[in-house]
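Working notes, beginning with the structure itself.
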Ligand SMILES: Nc1nc2c(ncn2[C@@H]2O[C@H](COP(=O)(O)OP(=O)(O)O)[C@@H](O)[C@H]2O)c(=O)[nH]1
Ligand SMILES: [Mg+2]
Ligand SMILES: [Zn+2]
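Chains as they are written, first to last, in the working numbering: chain F, 2 to 115; chain H, 24 to 247.
In structure tokens, the structure reads:
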């Protein structure tokens, strides 16, 4: 499953950072998640609860998700619009030549620990 | 209790994997081994194209195969009949391969005496696109029955690939598949994408694909 794979990668990174910073216990991890990243937050959260329990460093860590809105830029009219609402065809001029500016991020923002 | 600390990371979740992949590529460069990552939906023709490619090149190149099909070892067994070294990777039910898993597979395969390793990735268009495996080049297959609007539905994979193989062109007359549209849509996502329409079944168009692959392998071994 996709979400589980992502959780494993987060754990791997946090464990590396944990070792580098001599962390004892991680209490929270904040993730920035784009609206069209393809990751389902609920899925991610349930994979999270299951996976972190198996680790020592992160067994109590909660997952906090900050959503990044998706925006698309239109090459036709040089304007930006909301991706989720309008999709890939520009609502302003009807052009198909558009690309995503932001909204596909899956970023590890910060770790709270002691 | 000690003080709570906040550690800022501000990096993609895939950043560690990307670094591992870079390291693996550098190692492959030293060993003069070319790793090709082959991706597609299930049934697009990865195994068929792979077998054809091996048959055509196995007298010129020393080839190895990493099979990552989730369900079974059938593909690995099929490929092994061509006589090249084949390893079945165990993804543990995962939807993709990352650089770490690929590196393990390569170790098991032993790359010192191989010129080309082909990785048949897990069959889907979403997850493998996000994980750099350490491959030198990424190729994806889109087969005619899947329709020409896939570049619109799965944009990411088209941006990470170097090559788009349009497979099963022998059935073009029976499908409402527009080759020009697929080119247009794919180039919107990635202007540098190379397109090779072919049929792994009849062999039509295979030579252009094989020429490209051999040239890339030559370049990889020569440039420093
Ligand atoms: N008509 C036609 N069928 C093909 C072609 N290439 C593969 N197939 C068939 O498509 C099916 C799936 O192929 P396979 O290589 O197993 O796909 P994979 O799941 O991507 O590895 C098989 O029945 C193949 O015989 C082609 O060029 N033309
Ligand atoms: Mg296969
Ligand atoms: Zn517009």
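The beta carbon of each residue, even a glycine, is placed where N, CA and C say it ideally should be.
Restricted to the region 80-107 of chain H, the beta strand (DSSP E) segments that are unbroken, complete and at least 3 residues in length are 86-90, listed in chain order. Listed along chain F are 10, 13, 14, 17, each with a C-beta nearer than 8 angstroms to that of residue 39 of chain H. With the criterion set as a beta carbon lying under 7 angstroms from some beta carbon of chain F, the members of the region 148-160 of chain H are 149, 150, in sequence order. When DSSP states are grouped into helix, strand and coil, residue 177 of chain H belongs to the coil group.
If you look at residue 103 of chain F, you'll find it in the beta strand (DSSP E) that goes 99-103.
In the DSSP assignment, residue 188 of chain H forms a beta bridge with H:164, H:219. Each of H:206, H:151, H:202 was checked against the Cα of residue 183 of chain H, and the nearest Cα belongs to H:151. One Cα belongs to residue 90 of chain F, the other to residue 97 of chain F, and the distance between them is close to 5 angstroms. Counting only the Cα atoms, residue 58 of chain H lies some 15 angstroms from residue 81 of chain H. One finds nothing in chain F with a Cβ atom closer than 8 angstroms to the Cβ of residue 46 of chain H; even the nearest lies about 14 angstroms away. For residue 9 of chain F, the three-state secondary structure derived from DSSP is helix. Relative to ligand 2, even the nearest heavy atom lies 8 angstroms or more away from the CB of residue 31 of chain F. For residue 46 of chain F, the nearest beta carbon of chain H is not closer than 9 angstroms to its own beta carbon. Inter-segment contact for the region 174-194 of chain H and the region 151-165 of chain H is present: three or more beta-carbon pairs are separated by less than 8 angstroms. Our two residues, residue 245 of chain H and residue 73 of chain F, have alpha carbons roughly 41 angstroms apart in a direct line. For residue 39 of chain F, the closest Cβ of chain H is nearer than 9 angstroms.
In the assembly as shown, residue 215 of chain H is an exposed residue. Its beta-carbon has fewer than 16 other beta-carbons within 10 Å.
Under the three-state reduction of DSSP output, residue 59 of chain H falls in the strand class. DSSP places residue 208 of chain H in the uninterrupted alpha helix (DSSP H) bounded by 202-212.
The three-state secondary structure of residue 46 of chain F, taken from DSSP, is helix. The alpha-carbon of residue 70 of chain F is positioned some 26 angstroms away from that of residue 210 of chain H. In chain order, 68, 69, 70, 71, 84, 85, 104 place their CB closer than 8 angstroms to the CB of residue 36 of chain F, counting only its own chain and leaving out the 5 sequence neighbours on each side.
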